[in-house]
Structure formats: structure tokens, C-alpha cells
Amino acid sequence: MIKLSVIIPVFNASRYIERCLQSVEAQTLTEIEVLLIDNRGTDDSIAVAEAYVARSTRNDIRYRFAATPENNGPAPARNLGLQLAEGEYVAFLDADDWIEPDMCETLYVNAKGADMSCCNIMQDYEDGQPSRVLANPTMPKGELTIATRRQLLRKFASHFTSYIYKREWLMHNGILFPETRSAEDSAFLTCCLLVANRIEQTEKALYHYVMHAGSLTRRRVWKGVDKRRAMGATMVFAKKKGIFAVYKWQLRYIYMKKALIVPIVEML
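Be aware that the sequence shown starts at 360, since it is given in the working numbering, and climbs by one per residue.
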């Protein structure tokens, strides 16, 4: 049985992909599959990844390669990974990030049948700034109620890579990433939180989100249209599930923050 599928979109990450794969290779969890999705970059990321996989000595990790037809952002690559995944749970790892050796095992063991299991994130800076912890809010104990879900929706952070997700549960609920170039991660996690019955948590910071030169000097681009499309998809999802009326104020708050306020702040 494959316990966990790790989905890695690969786009112009030749400087980082080997470190990323080394962190996967070091995992204490066994029976992992790694889905490397070629997102049609212009460097030799995939060749570097293929060379690394060819040297792998982990017989309990299965590597698989696939490719998107063209680059339309990370959402289509992650969705392709979800279609191909065979693990009991799925995780998402960006090719320029890395994970602690016990991340997969800690989250998998903690899950114990829960729909989701999460940790905190360590934000690292390549320019030498001190790392800092990006913490998820404290998750409600046991099954979520309407009251605890409303509270969680008001204060959650969009650290979607800090979670693992039960694959059959995602498929049953039809949860995918809206295929936009911005806010697709927030929309995906919002949909997950709307229908999760139980979420387990560790306060350990096990995922390393790396802020490199490209992250820190990214040019300002207006993303309001994409963010509105992505967050609008959460409204559509809630209506299909028949729960929009129950969480409409929380969803409107998330929409206002993510789709209206954030794109303005990003341009300042």
C-alpha cells in the first residue's frame, strides 16, 4: 500500500530540485510515491530530477514523471498529480522548498483516519535573514462543528503545503485547484476546510518555505482578476455542497480579504 503521494510541480527549479528530492529521500516514512510534474519550464530541472532519481537507493519510494501540456501556473500540475496519485494521503511540495525527515511520518501517523493533518512552516531566507515560523491556528479537537468551523474559516492561514490530505476524501468531494495563476492555494484549502470532519495537528515546523532572490524581488503584477476567480470558486463549491447559507459570512470575509484587499496590498 502506498501511504503517501508527494506531488511536486517542477518549473525552472534546477537550482533547488536536488535539495527538494534529497529531503524526500530522507523521509522516515516508507511506502511513498513521488509525482514529479513537468510544468514546462525552460531550464534543465527535469533532467536534474531524472538524474537524481536514477541514483536513488530507496526501494520503498516510487518515483513517477508526468507533464502538463503547457505552463498555466502550478494549479494544473497539482491537479494532474491528484489524478495520478495512488496514496492513501497526498501532500504538496514545491520544487524550491524542502521538508524535515520526519514530516511525512509525523503527519501520517497523526492523521489516524482524519481528513487532514498539518504542521507549521519554517520560512527560510537565502539572503541570511533569520528564519521564522509560520504557524497554523490551533485546530479544533475532534469533529468540527458549525461553530468551530466558522471560527477556523475566520482565522486560517493559507499554508496548504503544511497539510496532508486523505485522497479518497478529496476525490469524493471533488476538490481540485481552480486553474488560476494566483490564490488557487487559498481556494483549495478553503474548500477543504468547508467539508473536513476532523483535522489533526502538530506544532512542529516541518516544512521549509524558502524565500529566494526570485521570491523577494518579484515584480508587481495585478492579480485581482485571478484572485477573484479563484475565491469565487469557493462560493460555487459551497453552494454545490448545500452549505453556503451556513458559512456565507465567513466565505464573504475570506473573499473580501483574499480577492479584494490582498491584491491591492501586493501592489503597494
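We put the CB at the ideal spot given by N, CA and C, even for glycine.
So, at 6 Å on beta carbons, what are the nonlocal neighbours of residue i in its own chain, with the 5 sequence-adjacent residues on each side left out?
i    : result
N556 : D474, E502
F370 : N398, G400
P537 : E543, A546, A589, A592
Y422 : V393, V412
Report the three-state DSSP secondary structure of residue i (helix, strand or coil).
i    : result
L466 : helix
W581 : coil
I420 : strand
S476 : strand
I602 : coil
T576 : At T576, the pLDDT of 44 sits below 50, so the modelled position is not reliable; the number obtained from the coordinates is stated separately. Note: T576 maps to coil in three-state DSSP.
I558 : strand
A542 : coil
F547 : helix
I623 : helix
Give me the DSSP bridge partner(s) of residue i.
i    : result
Y568 : Q482
W457 : H567
K525 : Y448
A494 : Paired residues: none, contrary to the question.
S364 : E392, V449
D397 : V369, A426
Who are the Cβ neighbours of residue i in its own chain at under 7 Å, not counting the five residues just before and after it?
i    : result
E445 : I361, S364, E392
T576 : Caution is warranted here: a pLDDT of 44 is assigned to T576, below 50, making its placement in the model unreliable, and the coordinate value is therefore given only provisionally. No residues qualify anywhere along the chain.
N479 : V492, L493, A494, N495, S521, E562, K563, A564
A408 : V369, I376, L380, L395
K617 : A542, S545, K586, M590
With a cut-off of 8 Å on the beta carbons, I'd call residue i and residue j a contact; round off their distance for me.
i    : j    : result
E543 : A589 : 5 Å
L511 : L452 : Between L452 and L511 the Cβ distance is about 24 Å, and since that is not below 8 Å, they are no contact.
A454 : S404 : 7 Å
L327 : C463 : Lying before the first or after the last residue shown, residue 327 is absent from the chain, which here runs from 360 to 627.
E384 : R417 : 6 Å
Please identify the residue among the options whose C-alpha is closest to the C-alpha of residue i.
i    : options                : result
P435 : V580, L627, Y566, T539 : T539
A597 : V580, M615, I534       : I534
Y484 : A470, K586, V468, V569 : V569
L443 : I367, A516, A413       : I367
N532 : V554, R513, Y411       : V554
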